[in-house]
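Step one of this worksheet: look at the structure below.
Numbering (our numbering), first residue to last: 50 to 202.
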């Protein structure tokens, strides 16, 4: 009887143990996309009105811009701050400047963006949170804010 009790207790103890993650099991946190560790991009911020169905019209505004990335910090033509990357296709920029009113604050690189990289090109498109739909009799124009950049350094 003692041997059976001892074996049952030993089995329970072994089953309740968890394997610690060590060595290659642990993945380092993703800090920065490899192409942005230390890079300078130049291009345009393209602001385009879009319909609720997503069809884009001719751009409403095109502004030349430059972005300088260094680790998780950035400096742009309009603003500077830090950014986080989710490891896939989304980046969150946090502008650290104080701004006055009187202009479109969406032109500041701040908030969530989808990121797409093709060769030496980088595309950042602003993500807006879902808004309540307007009444059917009201026409609303939505805008897309997209950085279209090429690596220069």
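No residue lacks a Cβ here, since even glycine has one placed at the ideal position from N, Cα and C.
Looking only at its chain, what residues have a beta carbon closer than 7 angstroms to the beta carbon of residue 113, apart from the 5 residues adjacent to it on each side?
93
Candidates 153, 136, 157 and 138: which alpha carbon is nearest residue 145's?
157
Using the Cβ count rule (16 or more neighbours within 10 Å means buried), how would you classify residue 191?
exposed
Between the Cα of residue 173 and those of 149, 139, 147 and 150, spot the shortest distance and give me the residue it belongs to.
139
Starting from residue 138 and walking both ways along the beta strand (DSSP E), at which residues does that stretch end?
Where residue 138 is concerned, there is no enclosing beta strand (DSSP E), given that its DSSP letter is neither H nor E.
Around the C-beta of residue 111, are 16 or more other C-beta atoms found within 10 angstroms, so that it is buried, or is it exposed?
exposed
Range covered by the beta strand (DSSP E) that runs through residue 158
Neither: residue 158 is in no beta strand (DSSP E) and is coded neither H nor E.
Take the Cβ of residue 73 as the centre, count every other Cβ of all protein chains shown within 10 Å, and call the residue buried at 16 or more, exposed below.
Any reading at residue 73 is ruled out, since the residue's pLDDT is 43, under 50, leaving its predicted position unreliable.
Check for me: the beta strand (DSSP E) holding residue 108 runs from which residue to which?
No beta strand (DSSP E) contains residue 108, which DSSP labels as neither H nor E.
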